[in-house]
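Heads up, the thing below is written out as structure tokens.
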Amino acid sequence: VADWLNKNQPPAPAPAFLHNDFKYDNLILDPAQPEKILGILDWEMATVGDPLMDLGAFLAYWFEADEHPVFRQYNLSWLPGNPSRAALVEDYAAASGRDLGPILFYYVFGLFKNAVIAQQIYKRWKDGFSKDARFGGLLPLIQLMGEKAAQHLDKGKI
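According to the numbering used here, the residues represented by the sequence shown are 39 to 196, in order.
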């Protein structure tokens, strides 16, 4: 996966402001209208860069009901009422007007990045630097994200 990412990096587009960790658990939703976002939390990783990096990372956090059950522990996106990953891509393209031709790169990069972050969290737990028992169960997630990235590369699409 890392080799493919190195060989297939798309040209850099005009930079944009990135949140860099956009996902459900960083959103404040309106209790009366859960589809309405009231606020976005966790800005410490914000930066300027390729706007599709934010989309790719977001899609890598977005798990669907037909995917491995391990993923369900880490997000709400698989629950009924959520759009599919494909629908999110279509909506993003329509709203932004951006060319999403290289979306596979960004999605696979997001999976790779999330797997590396989870591995680092697991190692901190294993070495005794974190007492949060949830981190001890990250190995299956790490492996599945790597497998998922490879499967999407084999398919040639997200």
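Positions of the beta carbon are idealized from the N, C-alpha and C atoms, including for glycine.
Asked: What did DSSP end up calling residue 50 once you bin it into helix, strand or coil?; Found: coil
Asked: Just to check my reading of the structure: residue 178 and residue 108 have Cβ atoms closer than 8 Å, yes? What is that Cβ distance to the nearest angstrom?; Found: 5 Å
Asked: Measure the C-alpha to C-alpha separation of residue 145 and residue 94 and round it to an integer number of angstroms.; Found: 4 Å
Asked: Measure how close the beta-carbons of residue 58 and residue 85 come, nearest whole angstrom, since I'm counting them as under 8 Å.; Found: 6 Å
Asked: Along the alpha helix (DSSP H) that carries residue 43, what are the first and last residues, could you check?; Found: 40-45
Asked: Going by beta carbon distance, what residues of the same chain come within less than 6 Å of residue 103, once the five residues before and after it are set aside?; Found: 116
Asked: Terminal residues of the continuous alpha helix (DSSP H) containing residue 180?; Found: 177-193
Asked: With DSSP as the reference, please indicate the residues paired to residue 66 in a beta bridge.; Found: 77
Asked: At 4 residues or longer, and completely inside the stretch 116-171: list those alpha helix (DSSP H) runs for me, N to C.; Found: 123-134 and 141-164
Asked: Exposed or buried, what is residue 149 when buried is set at 16 or more other beta-carbons lying within 10 Å of its beta-carbon?; Found: buried
Asked: Excluding the five sequence neighbours on either side, which residues of its own chain have a C-beta within less than 8 Å of the C-beta of residue 130, listed in chain order?; Found: 93, 136 and 138
Asked: From what residue to what residue does the alpha helix (DSSP H) around residue 94 run?; Found: 89-99
Asked: Given a cut-off of 8 Å on the beta-carbon distance, is the pair residue 54 and residue 89 in contact?; Found: yes
Asked: Mind checking residue 152: buried by the 16 CB within 10 Å criterion, or exposed?; Found: buried
Asked: Given a cut-off of 8 Å on the beta-carbon distance, is the pair residue 191 and residue 42 in contact?; Found: yes
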